[in-house]
Every structure is written in C-alpha cells, then in structure tokens.
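Step one of this worksheet: look at the structure below.
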C-alpha cells in the first residue's frame, strides 16, 4: 500500500532531503513544508544545518576561519534562509485558504480607493478579491502593484489569488441552483467584462 504524506516518518523525510539536496535553498525547503506541514519545525532546523555545513565546505581557503564559531558567510546565508522560510510560512495560509482575508481590513471607501490606485473599478477589484480570475493569467506586474498598494509581499498576493474562489453573500440567494465558485475567468476576459474604460482596459491588457 502506498504511503500518504501523513504516513511518512520524520526520519524518512529528513533522509530524502539529505539525499536529494546537499544545500537546500528556500524553494526546496518550501516544497518540503508544503508536503509535510506536520514536520515544519524539524524540516526548517534540518535545512539550516545542511545549508550551514554546505556553505562551510564551500568557504575559500583564503578566508580566515571565524573565531566566534560561525563565519559571516554562513551567518548571512542562514539569515537569508530563515527570512525566506518566514515568507513561505506566511504564504501557505493564503494559498490553502486558511489565512486571513487580505481585503478584510478595507472599508467600502478604502476598497474603492484601492481600486482607483490600481487603475481599475470596484467591480473588477471584487473579482480579484473573490478570486474568480484564473490566477495563472494575472500578470506579474499587476500582482506587484497590488502588493505595493496593500503593503504585503508579491508572493503573498500570488498565494492569495491562487486560493479557492469565494461566492459573494449577495450571490448565494439569486439562484435556486448552487453557485459555482470554481468557474473562473481569464484576466483578459475579466478586464473586458468589468465595465472598465477603454484606457483602463488598454493599460491592463498591456501588462
């Protein structure tokens, strides 16, 4: 019988990481965290140890050894790794739908102001908020603009947009049939069907 990710032991997970990645970067560690969230702390610590050993082995012979026990190169690498791991942990709740609603803090007036700052109208932004646009079709430049406006990182925006589509409360009672939250538009179709001005459409479609 094939083991599920919940049946795999911690020893097996760490052994696999050690064999497949001598110097795991944030992308590798993030993938392991997504596959085995029950071992998040152990994976993080083990990855840091692997990275430290690999970096120590790569230090040039001409560099004097650190008298404090950890070289500046290792310290910088570990700091970068831990910073990226923190970002990965922040992104994961947004991706799986368990995180906070990024738009919850916005009042109706602030929501309209955000739409204006992004060069769209509230109707289009509501599609973004409800994740009814296919995330892979949303331009990187638009995600970056959203991240700047909402004071979060672009990966957090990307993770949020990739989450499960939601159904606005006012739409739940307009049909006897159950609404389909999974039906999404492409970014281009959303632009063309949201009553945006021609100038707004041209700009968005050029991103």
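Residue numbers (the numbering used here): 68 to 274.
Cβ coordinates follow ideal geometry from the N, Cα and C atoms, glycine included.
Residue i - containing alpha helix (DSSP H), residue span
i: residue 224; result: 221-228
i: residue 252; result: No alpha helix (DSSP H) contains residue 252, which DSSP labels as neither H nor E.
i: residue 183; result: 175-185
i: residue 99; result: 93-102
i: residue 267; result: 265-272
i: residue 83; result: 77-87
C-alpha gap between residue i and residue j, whole angstroms
i: residue 79; j: residue 105; result: 13 Å
i: residue 178; j: residue 216; result: 11 Å
i: residue 352; j: residue 187; result: What is shown of the chain runs 68 to 274, which leaves residue 352 out entirely.
i: residue 132; j: residue 174; result: Confidence is the limiting factor: at residue 132 the pLDDT is only 45, short of 50, which leaves the residue's position unreliable and the question unanswerable from this model.
i: residue 176; j: residue 189; result: 10 Å
i: residue 85; j: residue 192; result: 44 Å
Close beta carbons around residue i, own chain, < 7 Å, minus the five adjacent residues each side
i: residue 92; result: none
i: residue 251; result: 199, 200, 201 and 232
Cβ-based neighbour list, residue i, same chain, cut-off 8 Å, excluding 5 preceding and 5 following
i: residue 214; result: 220, 221, 223 and 224
i: residue 182; result: 188, 189, 191 and 192
Simplified DSSP state of residue i, which is helix, strand or coil
i: residue 110; result: helix
i: residue 117; result: helix
Nonlocal neighbours in the same chain, by C-beta distance under 6 Å from residue i, ignoring five residues either side
i: residue 256; result: none
i: residue 95; result: 88
i: residue 81; result: 113
i: residue 210; result: 221, 224 and 225
Residue-level contact to chain C via CB, residue i, 8 Å cutoff
i: residue 230; result: Protein chain content of the structure displayed is limited to a single chain, and chain C is not contained in it.
Mind pulling the beta strand (DSSP E) runs of 3 or more residues that sit fully within the segment 183-208?
none
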